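Residue numbers (this note's numbering): 128 to 521.
Here's the structure, in structure tokens; my notes come after.
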Amino acid sequence: MINILSIPSDNFGVGFYRNIAPSNYLSKEYPNDFHIDINFNPPLFDENFLRKYDIIHFHKRINNYENIDNLFKLFKKLGIITIMDLDDLWRFHDKHPNYRTNQILRTDLLIIDLLKRVDHVTTSTDKLAEQVKCYNQNVTIIPNAMDPEAEKLNTNHEFSERIRFGWAGGSTHYYNLKLLEGLPAYLKQKGVLDKIQFVLCGFDTRGIKEVIDSNGKIVIKPTLPQESVYNKFEQIFTDNYKTISSSYKDYLLMYNNQKEYDNLINEPYRRVWTKPVTTYTTSYNLFDVALAPLLVNEHNECKSNLKLIEAGFHHMPLIAQNISQYREIDGTNGFLIHKKDGIYGWYEAIKYFIDNPEQIAIMGENLYNTVKDKYDIKNVSKIRIDLYNKLLNK
128 MINILSIPSD NFGVGFYRNI APSNYLSKEY PNDFHIDINF NPPLFDENFL
178 RKYDIIHFHK RINNYENIDN LFKLFKKLGI ITIMDLDDLW RFHDKHPNYR
228 TNQILRTDLL IIDLLKRVDH VTTSTDKLAE QVKCYNQNVT IIPNAMDPEA
278 EKLNTNHEFS ERIRFGWAGG STHYYNLKLL EGLPAYLKQK GVLDKIQFVL
328 CGFDTRGIKE VIDSNGKIVI KPTLPQESVY NKFEQIFTDN YKTISSSYKD
378 YLLMYNNQKE YDNLINEPYR RVWTKPVTTY TTSYNLFDVA LAPLLVNEHN
428 ECKSNLKLIE AGFHHMPLIA QNISQYREID GTNGFLIHKK DGIYGWYEAI
478 KYFIDNPEQI AIMGENLYNT VKDKYDIKNV SKIRIDLYNK LLNK
């Protein structure tokens, strides 16, 4: 029996895919081989607590960093193997919302320090693994994965007369979504906007904002609904509310997450409020083709292909930026958009599905066949199991 302490960085998408879901899967399928405790804030200086574990597998950061030297001495004293997981590059491009905060707090240096200290690193892509190897040669690539049995429970596709193009994601993607700015207006100009609907999933007005005061200190303040970055996302998908009816605009600006707009079927845009991480992929039931715009830069090149995996397991094609993690898109299971083509490339891909709606099911099935074995949690977990056994010489 291998005893593992799994420490997620959060209870959202990253924590779910990188720690929570794989830990729960191993506990369920291999109860005689692995005992895994998931703890977001464990008492790491409690020796009696730590003695239970052979491995600590944490994502990105670890608490008690101010005592990091003593903490890793304690791990070594107790013979505990440390594994750090990463699924994002620690260096941010200047348009990323975390860029300014990182310039002040230098979280990138903390991550580099941890990379040098741990026994092993797991990561989601080969591009990111190459970056990690600058500081630690002991790297294993464990891709993100999905549990098809769980996704069957989450799948109940909703029918619509319009072809729906959806995006689901977190609050850091404003400059990625800006790649679509002007697209709704162009679709309207071309006379096809009434045939489609954009679906924005994950809309959220809760949260906090980081404000840098006059002394250069970061102050945390709650956000008002109208301050949420999702409003900016919504403005992109509605051409600043010009493509929707005035009554729908009034409804959206009420921020009512309890009742959906009555005449939604006749609008070219739909807002879908955020869902718990365990059910957020049910949002894929509300659209037909997935979108994945990404700025082409070093940070995004190291991101995982999660959008491809999610779309594939929901039997839908993907229109994505032509960037390394989406190279499994080959024209039979979706389309890649080149940077130089701008919104016209996105328009051509959308127009293809408008003109050939039967291809949605065909290409969606092709993408499912692309991902169904390679990114099945059953198969990906074998990499994790082999790593744990190897590190403990089992």
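Idealized CB from N, CA, C, for every residue including glycine.
Predicted, not measured: the structure shown is a model, and the values here were computed from it.
Cβ contact annotation for Ile163 (same chain, cutoff 7 Å, sequence separation greater than five): Ile131, Ser133, Ser150, Leu153, Ser154, in chain order. A direct Cα-Cα distance of roughly 43 Å separates Asp221 from Glu156.
Taking a cut-off of 8 Å on C-beta distances, the segment 418-438 touches the segment 487-502, as three or more cross pairs fall below it.
Here Ile290 is actually not in contact with Lys317; their C-beta atoms are around 14 Å apart, not less than 8 Å.
Residue pairing from DSSP places Cys328 in a beta bridge opposite Ala295, Val399. Rounded to whole angstroms, the separation of the alpha carbons of Ile147 and Arg188 is 16 Å.
Contact between the segment 235-250 and the segment 460-480 is absent: fewer than three C-beta pairs spanning the two stretches fall below 8 Å. With a 10 Å radius around the Cβ and a threshold of 16 neighbouring Cβ atoms, Leu519 comes out exposed. The count of Cβ pairs closer than 8 Å, one atom from the segment 259-274 and one from the segment 386-397, stays below three, leaving the stretches out of contact.
Distance from the CA atom of Thr401 to the CA atom of Phe167, rounded to whole angstroms, is 22 Å.
Of the residues assessed, Ser374 falls on the exposed side of the cut-off, its CB having fewer than 16 other CB atoms within 10 angstroms. Phe202: member of the alpha helix (DSSP H) spanning 195-205, first to last residue. Assignment of beta-bridge partners to Phe462 by DSSP yields Ile446. Judged by DSSP in its simplified three-state form, Ile392 adopts helix. Cβ contact annotation for Asp415 (same chain, cutoff 7 Å, sequence separation greater than five): Ile290, Arg291, Met443, Ile487, in chain order. Under the DSSP assignment, Met211 falls in the beta strand (DSSP E) whose first and last residues are 208-213.
Contact check for Asp160 against Ile512 passes: the beta carbons are separated by less than 9 Å. Annotated three-state conformation of Ala272 is coil, per DSSP.
Tyr515 is classed as buried because its beta carbon has at least 16 other beta carbons within 10 Å across all chains shown.
Apart from sequence neighbours up to five positions away, the residues of its chain that approach Asn427 with a beta-carbon distance below 7 Å are Leu421, Ile450, ordered along the chain. Rounded to the nearest angstrom, the gap between the Cα atoms of Asn303 and Asp457 is 22 Å. In this structure Cys429 is buried. Its beta-carbon is surrounded by 16 or more other beta-carbon atoms within 10 angstroms. For Gln324, the closest alpha carbon among the candidates Thr365, Ile347, Lys348 is that of Thr365.
For Phe139, there is no enclosing alpha helix (DSSP H), as DSSP marks it with neither H nor E.
The three-state secondary structure of Ile456, taken from DSSP, is coil. Fewer than three pairs of CB atoms, one per stretch, sit closer than 8 Å, so the segment 189-207 makes no contact with the segment 136-147. With a threshold of 16 other beta carbon atoms within 10 Å, Arg397 meets it and is buried. Within its own chain, the residues whose Cβ lies closer than 6 Å to the Cβ of Asp274, once the five positions on either side in sequence are excluded, are Ile504, listed in chain order. In summary, Glu288 is exposed, with fewer than 16 beta-carbon neighbours lying within 10 Å of its beta-carbon over all protein chains present. The Cβ atoms of Val259 and His186 do not sit closer than 9 Å to each other. Within the same chain, and ignoring the five residues on either side of Tyr479 in sequence, the residues whose Cβ sits closer than 8 Å to its Cβ are Phe462, Gln486. In this chain, Ile129 is not harboured by any alpha helix (DSSP H); it is covered by the beta strand (DSSP E) spanning 129-134. Residue environment analysis places Tyr411 among the buried positions, since at least 16 neighbouring C-beta atoms fall within 10 angstroms of its C-beta.
Lys315 and Asp212 have their C-alpha atoms spaced approximately 44 Å apart. By alpha-carbon distance to Ala476, the top candidate from Tyr180, Ser431, Leu418 is Leu418. Going by beta carbons, Val248 and Ile208 fall outside the 9 Å limit.
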